[in-house]
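Take a look at the structure set out below.
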Amino acid sequence: MTPSTANARLRTANPVVATKKGNEPLFQSIVSSPGDPRLSNRRQRTPARYARRIAMLAAALTAGVGAAWAATSGALELFRSNPQNDAAAPASLWDQDVVPGTVVRAASLDIPNYGGIEFWYADSAQGGWCGAIRLPNAQWAATKGSDASGTAPGCYPTREQTNGDDPIFEINGFDYYEVQIDARETGGSFWRIYYGVVTADKPVTKLIDKITGRRAAVQGGQRFVLAVPDPHPDRAIPLPDTYAINLVAYAVDGAVIAAEHP
Amino acid sequence: MSMTSHIDRSVAEARFRDVFAHLGEITAYARRRGSHDPDAIAAEAMTIAWRRLADVPTDDARPWLFATARNLLHDERRRRSQLAALADAPERASVELWQPATLDQEVTAALTSLSLADREALLLVAWEDLSPALAARAFGIREATFRVRLHRARRRFKEALARSPAPAEHTSSHQITLEER
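Respectively, the protein sequence lines represent chains A and B. Numbered by my numbering, the letters in the first sequence go through residues 7 to 268 in order. Numbered by my numbering, the letters in the second sequence go through residues 1489 to 1669 in order.
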């Protein structure tokens, strides 16, 4: 028996024919759940969701609350409003509450031809953490009206909490999100800003992106913000086995205490 | 986190629809591998793909989906094995180890004689219709390594088939389509 005969026989013995039959209810059910937290949390405006948002906005305006926090209020108000939650169910994983006394301006960076940005941090009562990037114009990145896009700010679950019994994240010591700043119109670059925490036993003294060599601003041996220029911001998602960044955190003795792609 | 993506949700949903188009193939994969509930395995694989969309390759999602479904199948077998052990059920061994079922008894016997890795290498190409390059991704190994494994698996399969005493007769009536379940 030749290999080709054997292979043909194997193919013929296939017991199940795959079909292209879709399952729209399943699709809708899946996409109505929280997606990849590394992606923007902005949801598609389906008619029902859009109508609900309009109603919520009207109610907010009626109550005199408005959306003033987006540009002027402090980090505590921002974290309390928890924009990333995006109407997640009460008491769900993404419905985390800021611990008021823990709000700090964790670190800041200067973006050339753009200005200074600040990483604000707080603990959450549910064990997660709150994070936001404040722009030079006092706006919060990735909120409505902001000129920086990316992950909406707020109080997030940790990677461990997100994983639960169904792991989707590698636990490698890093937990972070991203916003984007486009300073090209003012002679600058397109920047990807990574902010988050390192969960390691030892405090971090140095944190770098091994691909670009960029060094993060670190506060408290744990919280960091890193700016990485992207010369091709319109490119597609990186190919498999390629990475946008590769973070490594070091302790004071030079030991690696967290590595994203060891 | 292995990759970072920068697309908004509407783009994510559009992209996920492309991934979701493989639902039938993942269901068939789970069924071919003896899943107790192939629909649930496929739905779970798709849910994980949605939650990890930045990790799903844009050129062809199938290797990633098959690898995810394979992990879910392992979990399913482990759970059923644990349940069988708790009940002291005699089927425990058969739960732990997948026994292939095909339309040809001799092919089934030849596949059963192979290691799980050899069997999976053969079937990803023959039944799941992946190229060796894509099947290597599903295994998480280099293409060259996979090609060596595939070559050896094919040789072993051919030898096992050649040891069969008589020409094959198809022993099942017909292929199962997903609508027939």
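We put the CB at the ideal spot given by N, CA and C, even for glycine. Since this is a predicted model, take the numbers as computed values, not measurements.
Where the alpha helix (DSSP H) through residue 1606 (chain B) begins and ends: 1604-1614
Cβ separation of residue 187 (chain A) and residue 154 (chain A), assumed to be a contact under 8 Å, to the nearest whole Å: 5 Å
Within-9 Å CB hit, residue 36 (chain A) to chain B: yes
Proximity test, Cβ basis, 9 Å: residue 213 (chain A) and chain B: no
Start-to-end residues for the alpha helix (DSSP H) that takes in residue 1517 (chain B): 1511-1520
Interface flag, residue 98 (chain A) vs chain B, CB-CB below 9 Å: no
Separation of residue 1569 (chain B) from residue 253 (chain A), as counted between CA atoms: 40 Å
Neighbouring residues, chain A, relative to residue 1634 (chain B) (Cβ below 7 Å): None at all; the shortest Cβ gap to chain A is about 14 Å.
Heavy atom of the ligand SAH within 8 Å of residue 1498 (chain B) beta-carbon: The ligand SAH is absent from the structure shown, which contains no ligand whatsoever.
Touching by the beta-carbon criterion (3+ pairs, under 8 Å), the stretch 143-163 of chain A and the stretch 215-230 of chain A: no
Among A:110, A:205 and A:98, the one whose alpha carbon lies nearest that of residue 84 (chain A): A:110
Cβ-based neighbour list, residue 106 (chain A), same chain, cut-off 7 Å, excluding 5 preceding and 5 following: 82
Assigned exposure category for residue 212 (chain A) - 16 Cβ within 10 Å defines buried: exposed
Contact set between the stretch 1533-1556 of chain B and chain A, restricted to residues whose Cβ is under 7 Å from the partner: Answer set for the stretch 1533-1556 of chain B: 1534, 1535, 1536, 1538, 1539, 1540, 1541, 1542, 1545 and 1546.
C-beta contact flag for residue 1598 (chain B) and residue 1612 (chain B) at 9 Å: no
Residue interval of the beta strand (DSSP E) (run including residue 187 (chain A)): Counted as a single uninterrupted DSSP element, the beta strand (DSSP E) harbouring residue 187 (chain A) occupies residues 180-188.
Chain B within 9 Å of residue 23 (chain A), Cβ atoms only: yes
Enclosing beta strand (DSSP E) for residue 1527 (chain B) [first to last residue]: Not the beta strand (DSSP E): residue 1527 (chain B) falls in the alpha helix (DSSP H), residues 1526-1539.
Chain-order list of residues whose beta-carbon lies under 6 Å from that of residue 1660 (chain B) (same chain, five-residue window excluded): Low confidence applies here, because residue 1660 (chain B) scores a pLDDT of 47, under 50, leaving its location unreliable; read the following figure in that light. Only 1591 meet the Cβ criterion.
Close beta carbons around residue 1550 (chain B), own chain, < 6 Å, minus the five adjacent residues each side: 1510
Run of the alpha helix (DSSP H) containing residue 34 (chain A), from where it starts to where it stops: 30-37
C-alpha gap between residue 127 (chain A) and residue 1608 (chain B), whole angstroms: 47 Å
Interface residues of chain B facing residue 216 (chain A) [CB-CB closer than 9 Å]: Within chain B, no residue comes near residue 216 (chain A); the closest Cβ sits about 14 Å away, beyond 9 Å.
Residue 1529 (chain B) versus residue 1508 (chain B) - alpha carbon distance: 13 Å
The stretch 1522-1539 of chain B / the stretch 1614-1623 of chain B touching (three or more Cβ pairs under 8 Å): They do not touch, by the three-pair rule.
Per DSSP, cross-strand counterpart(s) of residue 221 (chain A): A:214
Boundaries (first-last residue) of the beta strand (DSSP E) holding residue 253 (chain A): 253-256
Beta-carbon spacing of residue 43 (chain A), residue 168 (chain A) below 9 Å: yes
Sequence-distant residues of the same chain with beta carbon closer than 7 Å to residue 14 (chain A), five excluded per side: none
9 Å Cβ cutoff met for residue 190 (chain A) and residue 177 (chain A): no
Residue 1505 (chain B) versus residue 33 (chain A) - alpha carbon distance: 8 Å
Residue burial classification, residue 133 (chain A) (beta-carbon count within 10 angstroms, cutoff 16): Of the residues assessed, residue 133 (chain A) falls on the exposed side of the cut-off, its CB having fewer than 16 other CB atoms within 10 angstroms.
Among A:12, A:41 and A:23, the one whose alpha carbon lies nearest that of residue 1501 (chain B): Cα-wise, what sits closest to residue 1501 (chain B) is A:41.
Beta bridge counterpart(s) of residue 155 (chain A) as assigned by DSSP: A:186
Terminal residues of the alpha helix (DSSP H) in which residue 1643 (chain B) lies: Unbroken alpha helix (DSSP H) run through residue 1643 (chain B): 1631-1650.
Inter-residue Cα distance where the pair is residue 162 (chain A) and residue 86 (chain A): 12 Å
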